[in-house]
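*Asks:* Okay, here's the structure, questions in a sec.
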Amino acid sequence: MSAPNKPAPDQTTLVGTLLGPHGVAGAIKLQVIGSPQQLSKLKRLYIGELGWTRVLKFELHGAGPAITLGGISDRTAAAELRGRPVYAHDDELPALPEGEYYYHQLRGLEVKDAAGTVLGEVTDVLDAGHQDLLVVKSQRGGGLIPLQAPYVKINPGVGILLTEDAPLGLLGEEASDEVGGPEAGEPLDGADE
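Structure representation (structure tokens):
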């Protein structure tokens with residue numbers, strides 16, 4: 001199991017990270033992105049060099065979930081998987097309550113301002129700890145938009161709407177001209193020291 005992690009296949013979503021052994025029979029503690037119950041019915045997961053691996057058992061414990069995977073039958077084998085990302089196939093993920101979304105459901109959505117003008121497209125979502133960030137590509141380059149911000153409204157059929165309360169300049173709009181920042185190519189104060 002010392003081979004490097006293979007990249008996850010298309011149409012998968014990162015659902016967690018393996019933390020290390022749980023007990024001596026090969027179970028592995030799992031740090032889950034989102035609610036652990038969402039993963040309890042999955043029959044298989046994608047784990048780096050193992051590829052698609054059967055989930056034999058999913059248990060919730062006080063410290064979080066633990067899973068038993070096909071082919072991992074002792075503590076040593078489980079320990080070798082510590083730190084590995086865990087993916088699920090998008091089509092196998094359970095439906096979420098209204099108003100909640102998996103990252104893959106947000107990728108490809110257009111980002112529009114309050115007037116309906118397309119500003120860019122979501123290319124990825126970053127789990128940045130306390131705040132998920134939408135990675136948006138636009139004609140001006142792009143930027144990061146906090147997903148949970150009060151000025152972000154999500155409608156999977158329409159896109160992502162930035163309300164009138166959204167700060168100017170999130171995606172390179174003309175806000176920098178209004179504020180009077182340095183011209184392109186000019187050094188910032190102290191930058192040439």
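Taken in order, the sequence shown gives residues 1 to 193; the numbers are from full-length UniProt numbering.
We treat Cβ as the ideally placed atom computed from N, Cα and C, and that holds for glycine.
Just so we're clear, the structure is a prediction, and the values are computed from it rather than from any experiment.
Do you know how far the Cα of Gly-120 is from the Cα of Ser-73?
*Replies:* 47 Å
*Asks:* Starting from Gln-31, follow its DSSP beta bridges and name the residues at the other end.
*Replies:* In the DSSP assignment, Gln-31 is bridged to Thr-17.
*Asks:* Using the three-state DSSP reduction, which class does Ala-66 fall into: helix, strand or coil?
*Replies:* strand
*Asks:* Taking the alpha-carbon positions, what's the Ala-66 to Leu-60 distance?
*Replies:* 6 Å
*Asks:* Relative to the C-alpha of Asp-132, which candidate in Leu-147, Gly-141, Val-122 has its C-alpha closest?
*Replies:* Leu-147
*Asks:* With Tyr-46 as the anchor, note down where its beta strand (DSSP E) starts and where it stops.
*Replies:* Element bounds for Tyr-46: 44-47.
*Asks:* If you count every other CB in all the chains shown that lies within 10 Å of the CB of Gly-26, and 16 or more means buried, which is it?
*Replies:* It is buried - the Cβ of Gly-26 has at least 16 other Cβ atoms within 10 Å.
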